[in-house]
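Chain order of the listed sequences is B and C.
Going left to right, the first sequence walks through residues 2 to 333 as the working numbering numbers them.
Going left to right, the second sequence walks through residues 2 to 333 as the working numbering numbers them.
Data block below; observations after.
Number of protein chains: 2
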Amino acid sequence: MATIYQVSELAGVSLATVSRVMNNNARVSEATRNKVLAAMDQLGYRPNSIAQSLASNRSNSVGILVSELHGPFYGEMLSGIENECRAAGKHVIIAAGHSEEASEIDGIEFLISRSCDALILHVEAVSDDYLIKLAAGNIPVVLINRYIPQLADNCICLNNELGGYLATKQLLQQGHRQLAYIAGPMWKSDAKDRYAGHLRAMAEYGATFNPALFAEGDFQDSSGSACMQQLLDKKLPFTALVCANDEMAAGAMEVARQQGLQVPEQLSIVGFDNLILARYIHPKLTTIDYPIGEMGRMAARWVLKHIYQQQTLTLKNVFEPALVCRESACAR
Amino acid sequence: MATIYQVSELAGVSLATVSRVMNNNARVSEATRNKVLAAMDQLGYRPNSIAQSLASNRSNSVGILVSELHGPFYGEMLSGIENECRAAGKHVIIAAGHSEEASEIDGIEFLISRSCDALILHVEAVSDDYLIKLAAGNIPVVLINRYIPQLADNCICLNNELGGYLATKQLLQQGHRQLAYIAGPMWKSDAKDRYAGHLRAMAEYGATFNPALFAEGDFQDSSGSACMQQLLDKKLPFTALVCANDEMAAGAMEVARQQGLQVPEQLSIVGFDNLILARYIHPKLTTIDYPIGEMGRMAARWVLKHIYQQQTLTLKNVFEPALVCRESACAR
DNA sequence: TAGTATGATGTAAGCGCTTTCATTTATAGC
DNA sequence: GCTATAAATGAAAGCGCTTACATCATACTA
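Structure (structure tokens):
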């Protein structure tokens, strides 16, 4: 492997000049530049990124911690981040936190130990306090889908309240007035906000909210099934169901089918997230689009702007959901 | 940030001794070790991984190139790799190649430029020659789901022929004798092998193979739909369908439904891959399990053994598929 | 012509750590 | 007590590159 010394000898210039040409960060005459480039070419020179990182005190890497590496949601996010960072010549180091506090902290510490220039975190279990302290330390942090007021500028979020509102509004506009709701775990802010949006739409359309038509799930499809069974066991009439995410909607739909309910003719269902599975279940799920790929890209742009001084980038912290109409909801 | 110099001063020992304690790679007396550990603790010492990498000529990173970062298949693989590498203290750098030759090469070059100690590649478009040359170079390469005879030891593959055989055998054992087949793109070895397994099972059970009941798709669900439509347009009788992957099976199932065919009563369908979506479509898909998470783990173990000398690990290059019976196939 | 400013390049130190070889210390055997 | 061997530690060089300050060359102005 050729080193910068060999290039400088062959080109007949100093190390500093080779470095200047390589990094394009200072004036070098055209003639000298060409000599250096020719020498690099001849030697097949490839810079040692590790030496560059040590000398410049910058690793050119971005650490990403997500709950899981498998699953449609996180893949989209990773893809958005990697794509954006790679285009800017930065590499992406991944770790999984498994939504457990100790594991999330372990993953974060691991990434810190790799001298990542910044962290992009999608974490659930660690406390706000931990994250506030972390962000006050040496390494810049961007949070996806986690809102902390003290770190507002570092948070990239979806307007979940609006998403819950849109999901419910669609059914209300289709004439439904008796709506059931399967919530995510209510300690999570996204579950809470989505529910708040549901309540707002109900109030706005003068639909009577019935607490007996509310059930709390855990965002897994099995809890959607269980909640749906609970709701049906109460034998209260409802013609539509809003689920706080697509997986629970899939589970609920399965139980509806088992109980002989026609979807959407007898029961309209709306989910949230627009996961890829929404297109495979039958009938295809009407849902709320969660632009997680785009949010990942925005997180990467945040890093590029704040850490690497790419000032041309405009940032956006709050993303809007959008209704995706498919086949699981129809007019009453 | 404390450096090794500060630790050595506080502990009253040399740099070399601090390094020996830190890396546990040479004899150090218990008393000296304790002095060093106490000094590290007091200073909150955290080694600079970049300096370690430069001095040791080892980056402790593994580069992974996959076709796409989103999608259920790749997430499982990434998860398996990251989990295993992380447990061994190595970090994982990801890149996406988008199944295009130029993009795959660009991604590989990017990972090489990061001085990754090894590459784990799931690539489709680059040629065997390119990979053979790459593996002959300075950086060790493991291939997942790509078999190259010259690099047999570096390849981690599924026995696709057996998978195709098992998929078809299931239907034949259920009494079906008129089977249609939707293949993946036949320039791909996995598509070819799965089809070969199908033919073997057909021959073994004395079922007549009819070329008119064969259609070639591209592994996307839309091509599954198109092929199914083609097959139905021929108005030839068949009671069962084998699809070379789950996504095409989902597409085919959708068309069958639109054409009024009851699945599985009138048409049994078997897929391949056991993607998560197989559990969400209705009826739940009978399919062939592809242990991609385990294969990712094995690729990581290959790297740990060959590059980092973890000799306790046993390796396995060929994985066996398994039939997963759900609801989309029944006895004729 | 001399002084000043600008453009271009070189020199030297250092980033934080590893590791080889040299030196010192401790132990065992005669 | 002396010698040889083993254990333990230290000194020094270097990994490949960046960058601040020094130096040189050239152009312009008074």
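Every residue gets a Cβ at the ideal spot worked out from N, C-alpha and C, and that includes glycine.
Closer than 7 Å to chain C by CB, residue i
i, result
"S116 of chain B", "yes"
"I95 of chain B", "yes"
"H405 of chain B", "Outside the modelled stretch of chain B, which goes from 2 to 333, sits residue 405 of chain B, for which no answer is possible."
"L305 of chain B", "no"
Residue i classed as buried or exposed, judged by whether at least 16 other C-beta atoms fall within 10 angstroms
i, result
"V304 of chain C", "buried"
"D129 of chain C", "exposed"
"N26 of chain B", "exposed"
"D222 of chain B", "buried"
"V63 of chain C", "buried"
"P73 of chain B", "buried"
"Y6 of chain C", "exposed"
"N161 of chain C", "buried"
"M187 of chain B", "exposed"
"L237 of chain B", "exposed"
"D234 of chain B", "exposed"
"F210 of chain C", "exposed"
"S57 of chain B", "exposed"
"K170 of chain B", "buried"
"R147 of chain C", "buried"
Same chain, Cβ closer than 6 Å to residue i, neighbours up to 5 away in sequence not counted
i, result
"A40 of chain C", "V8, L11 and A12"
"E83 of chain B", "V93"
"A89 of chain C", "L305"
"A241 of chain B", "L172, H177, L180 and S269"
"V256 of chain B", "S226, M229 and Q230"
Backbone secondary structure at residue i - three-state DSSP
i, result
"E321 of chain C", "coil"
"C326 of chain C", "coil"
"Y182 of chain C", "strand"
"I157 of chain B", "strand"
"S80 of chain C", "helix"
"D118 of chain C", "coil"
"H99 of chain C", "coil"
"F111 of chain C", "helix"
"C244 of chain C", "strand"
"L262 of chain B", "coil"
"I293 of chain B", "helix"
"L278 of chain B", "helix"
"L70 of chain B", "coil"
"A213 of chain C", "helix"
Cβ-based neighbour list, residue i, same chain, cut-off 7 Å, excluding 5 preceding and 5 following
i, result
"E101 of chain C", "A126"
"A136 of chain B", "V142, L152 and N155"
"F215 of chain C", "Y182 and A184"
"K317 of chain C", "M299"
"T33 of chain C", "V14 and T18"
Chain-ordered chain B contacts of residue i [CB-CB under 7 Å]
i, result
"R87 of chain C", "A96 and F111"
"I308 of chain C", "In chain order: nothing, as chain B lies at least about 16 Å away."
"R47 of chain C", "S114"
Residue-chain proximity (residue i, chain B), Cβ-Cβ < 7 Å
i, result
"S80 of chain C", "yes"
"H92 of chain C", "yes"
"H283 of chain C", "yes"
"L70 of chain C", "yes"
"A227 of chain C", "no"
"E101 of chain C", "no"
"L278 of chain C", "yes"
Where residue i meets chain C, residues with beta-carbon distance less than 8 Å
i, result
"Y75 of chain B", "G76"
"A251 of chain B", "Y281"
Residues that residue i contacts on chain C, provided the C-beta gap is smaller than 9 Å
i, result
"S54 of chain B", "I51, S54 and L55"
"E83 of chain B", "L70, I95, A96 and A97"
8 Å Cβ shell around residue i - same chain, five flanking residues per side excluded
i, result
"G45 of chain B", "A3"
"V29 of chain B", "T18, R21, V22 and V37"
"N275 of chain C", "D247, T288, I289, D290, Y291 and V325"
Cβ-heavy atom distance, residue i to the ligand SAH, below 6 Å
i, result
"F210 of chain B", "In terms of ligand content, the structure shown is empty, and the ligand SAH therefore cannot be addressed."
Contact list for residue i against chain B, beta-carbon separation under 9 Å
i, result
"S104 of chain C", "Ordered by position in chain B, no residue passes the 9 Å Cβ test against S104 of chain C, which lies about 10 Å from the chain."
Closer than 7 Å at the beta carbon, the chain C residues around residue i
i, result
"S60 of chain B", "I51"
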